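> Take a look at this one; I'll ask things after.
There are 2 protein chains.
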Amino acid sequence: MRIGELAERTGVSRRLLRYYEEQGLITPTRSPNGYREYGEPHVDVVQQIKGLLDAGLPTRIIQQLLPCLDKPHTIYAPFVTPEMIVTLQHEQARLSERIEFLTRNRDAIADYLGTVLTVSERREQITS
Amino acid sequence: MRIGELAERTGVSRRLLRYYEEQGLITPTRSPNGYREYGEPHVDVVQQIKGLLDAGLPTRIIQQLLPCLDKPHTIYAPFVTPEMIVTLQHEQARLSERIEFLTRNRDAIADYLGTVLTVSERREQITS
DNA sequence: CTCAACGCTCACATCGATGTGAAGGTCAAG
DNA sequence: CTTGACCTTCACATCGATGTGAGCGTTGAG
């Protein structure tokens, strides 16, 4: 498919799709006329990228992460340098921290909402 | 304490502390001479802000979140408008999505690392 | 053939989070 | 009284993620 269709199916603008490519996150092939050609798997990859970006990860990290996020679990082991492993472990730890932090905050909000809602319920009973 | 100490204790630059204030996230008092004066609780708040920012939340959301993230669980209920509640519920949902997404990805990396490490162990046994 | 809809590249604009520095005020130690 | 280490405001710079548009090529339908 071409860039327009992919944009529509992923909700990511054409501009950004080209940007992702520039950042080395996706590498579509080119038709003879120079048009970018995307395959079906790109839909998932782009959504993955979008999600990670939304989650606050920078593209240069996403680039490191992507190769180990595909389903068929291809073994890239021979190409994996020790440095990459270290980077991945490091990133994994950072992800965990982030998750923990967000969870704590979400739970705090839940608590708060719980309290607030109970109180306003009580108030409703009184005023009614 | 003044801005320098707070910066040192939180690891957040003076510049950013002023920026947070400009964004309405913290409101230090002023000494007669115009210097910003921070209290002990600001240390925690600033670290909270830093964490949320690192987690990818924009300041305008953090501003909404902060009032319900303090420990003594003050009841702000009387001041809470229905719109704010809706916003909070919405933000809570978004946080959950983010958490879920990050968790999935972290686990995928864990899987990958698991596989890669096992393979390289096996290789070591062979070559040794 | 022409026109609309799409694609391409390139470049400049914006926005939020930050850095950096200028020009000046405050204050404590020597 | 001076010097150095703070503080102030203001403004411009940068960086990453995005938008927008100009100028031009491609393609398919009428």
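Chains as they are written, first to last, in the working numbering: chain A, 1 to 128; chain B, 1001 to 1128. A virtual CB, placed ideally from N, CA and C, is assigned to each residue, including glycine. Quick caveat: nothing in here was measured; it's all calculated off a predicted structure.
Is it the case that the Cβ atoms of Ile-1049 (chain B) and Ile-1062 (chain B) are separated by a distance below 8 Å?
yes
> By the DSSP assignment, the alpha helix (DSSP H) with Gly-1051 (chain B) in it spans what residues?
1040 to 1054
> For Ala-1055 (chain B), count neighbouring Cβ atoms within 10 angstroms of its own Cβ and tell me buried if that reaches 16, exposed if not.
buried
> Thinking C-alpha only, which one of B:Val-1116, B:Ala-1108, B:Val-1080 is nearest Thr-81 (chain A)?
B:Val-1116
> Using beta-carbon positions only, say whether Pro-28 (chain A) and Tyr-19 (chain A) come within less than 8 Å of one another.
no
> For the region 102 to 114 of chain A against the region 1105 to 1115 of chain B, are there 3 or more C-beta pairs whose distance is under 8 Å?
no
> Short of 7 Å in beta carbon distance, which residues of its chain neighbour Leu-25 (chain A), apart from the five on each side in sequence? Order them along the chain.
Ile-49, Thr-59, Ile-62, Gln-63, Leu-66
> What are the boundary residues of the alpha helix (DSSP H) that Leu-66 (chain A) is part of?
Where Leu-66 (chain A) is concerned, there is no enclosing alpha helix (DSSP H), given that its DSSP letter is neither H nor E.
> With H, G and I counted as helix, E and B as strand and the rest as coil, what does DSSP make of Thr-1118 (chain B)?
In the displayed model, Thr-1118 (chain B) falls within a helix according to three-state DSSP.
> Is Ser-1013 (chain B) close to chain A? Criterion is C-beta to C-beta, closer than 8 Å.
Chain A, which has no Cβ nearer than 8 Å to the Cβ of Ser-1013 (chain B), makes this no.
> Please report how far the alpha carbon of Asp-111 (chain A) lies from the alpha carbon of Leu-1017 (chain B), in whole angstroms.
28 Å
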